[in-house]
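Every number in our numbering is 2 more than the matching position in the sequence shown, counting from 1. Glycine included, C-beta positions come from ideal geometry on N, C-alpha and C. Owing to the predicted nature of the structure, the values given are computational and were not obtained by experimental measurement. First up is the structure itself, then whatever we jot down about it.
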Amino acid sequence: MKTELISTVFLSEKRKNTLLMLMDGPATIDEIKKSINGTTSAIMAQIKILLEQGLIEQENDEYRLTHVGHIILKKIKPLIEALNVVEGNKEFWASRDLGAVPDPLLDRIGDLGDVLIHEPDLNHLFEPPRELLVSLKQTKNVCTFYSYFCPTCPNNYAELAKKEVNYNLILTRPVYERLRDEYTEQYNAIIESPTSHLYVCEENIMKPGAISVTDNLLLLSFFNKKGFFDHKKVISFEDSAREWGQDFFLHYREIAERVI
Numbered sequence: 003m004k005t006e007l008i009s010t011v012f013l014s015e016k017r018k019n020t021l022l023m024l025m026d027g028p029a030t031i032d033e034i035k036k037s038i039n040g041t042t043s044a045i046m047a048q049i050k051i052l053l054e055q056g057l058i059e060q061e062n063d064e065y066r067l068t069h070v071g072h073i074i075l076k077k078i079k080p081l082i083e084a085l086n087v088v089e090g091n092k093e094f095w096a097s098r099d100l101g102a103v104p105d106p107l108l109d110r111i112g113d114l115g116d117v118l119i120h121e122p123d124l125n126h127l128f129e130p131p132r133e134l135l136v137s138l139k140q141t142k143n144v145c146t147f148y149s150y151f152c153p154t155c156p157n158n159y160a161e162l163a164k165k166e167v168n169y170n171l172i173l174t175r176p177v178y179e180r181l182r183d184e185y186t187e188q189y190n191a192i193i194e195s196p197t198s199h200l201y202v203c204e205e206n207i208m209k210p211g212a213i214s215v216t217d218n219l220l221l222l223s224f225f226n227k228k229g230f231f232d233h234k235k236v237i238s239f240e241d242s243a244r245e246w247g248q249d250f251f252l253h254y255r256e257i258a259e260r261v262i
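Listed below in structure tokens is the structure:
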């Protein structure tokens with residue numbers, strides 16, 4: 003029976019997606035068909051299997067999860083979401099050093115949802131992705147962590163400060179010292195802003211390359227397993243990803259020293 007239920011959920015994309023859809027509430031066959039893009043006959047064949055396995059039930063024209071279906075999907079959904087994140091970009095995740103991510107957040111990796119892997123060409127290696135730059139122009143709140151120096155970032159930091167965006171910035175000590183010593187004008191704009199908050203963390207901690215969370219975007223970068231930064235970044239626009247990113251940022255804020 004254990005094998006049957008596992009096969010029922012995982013060996014058909016239509017069955018899996020139908021079950022995930024029904025976690026949000028009952029649905030008719032037409033609503034299911036519209037959601038998972040299948041023909042009525044193909045979907046009904048999978049509905050029959052789910053009914054036989056006791057994962058769903060029918061009431062009038064609607065299908066809903068049974069109590070057993072709810073129990074199983076509540077446990078399986080995080081696994082499905084994690085697999086969706088990783089399987090879409092296996093080579094990227096396999097090459098990342100994720101040691102900086104706390105275990106509770108690794109358990110929630112599926113919250114990243116539909117991600118874009120940004121890999122700049124040689125002419126744009128040291129520039130933030132366009133998606134981030136567009137978001138920074140519109141957002142009212144930003145949380146950023148950097149453990150490497152980005153040449154274009156001091157001007158971006160200063161612009162956010164001057165616009166009085168609610169801005170929380172964490173830098174590793176070497177990056178902070180370079181900003182303070184070599185970009186005095188931009189540093190002073192941050193220091194003088196009533197809505198900017200600047201933190202410093204020590205270089206010897208386990209850390210990602212970068213974290214940026216805006217009102218509509220999460221950007222992450224990690225060092226690869228050889229300890230190098232290869233400029234590849236993860237971008238997600240999903241609310242659950244932004245919440246994940248906020249928690250990741252707060253993990254570092256708790257161990258950082260506040261400057262202002």
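As summarised for the segment 163-243, the continuous alpha helix (DSSP H) elements at least 4 residues long and confined to that stretch are 175-184, 186-194, given in chain order.
DSSP, reduced to helix, strand and coil, places T42 within a helical segment of the structure shown. Secondary structure within the segment 21-81: the beta strand (DSSP E) runs of 3 or more consecutive residues, fully enclosed, are 58-61, 64-67 (chain order). Around the CB of K36, fewer than 16 other CB atoms lie within 10 Å, so the residue is classed as exposed. Around the beta-carbon of T42, fewer than 16 other beta-carbon atoms lie within 10 Å, marking it exposed. Straight-line measurement puts the Cα of V117 at about 14 Å from the Cα of R110.
Residue environment: R260 is assigned as exposed (fewer than 16 neighbouring CB atoms within 10 Å of its CB, all protein chains considered).
Within 10 angstroms of the beta-carbon of N170 lie 16 or more other beta-carbons, which makes it buried. Of the other Cβ atoms in all chains shown, fewer than 16 fall within 10 Å of the Cβ of L124; this residue is therefore exposed. In the structure shown, E256 adopts coil according to DSSP, grouped into three states. Residue state for Y148 is assigned as strand, using DSSP reduced to three classes. Membership of L118 in any alpha helix (DSSP H) is not indicated; the residue belongs instead to the beta strand (DSSP E) covering 117-120.
Apart from sequence neighbours up to five positions away, the residues of its chain that approach F128 with a beta-carbon distance below 6 Å are P153, ordered along the chain.
According to DSSP, N143 shares a beta bridge with N168. Only residues of its own chain outside the window of five on either side were considered, and among them Y148, S149, Y150, F151 have a CB closer than 8 Å to the CB of V177, listed in chain order. In terms of CA proximity to L220, S137 leads the group S137, T10, M23, K92.
DSSP, reduced to helix, strand and coil, places R132 within a helical segment of the structure shown.
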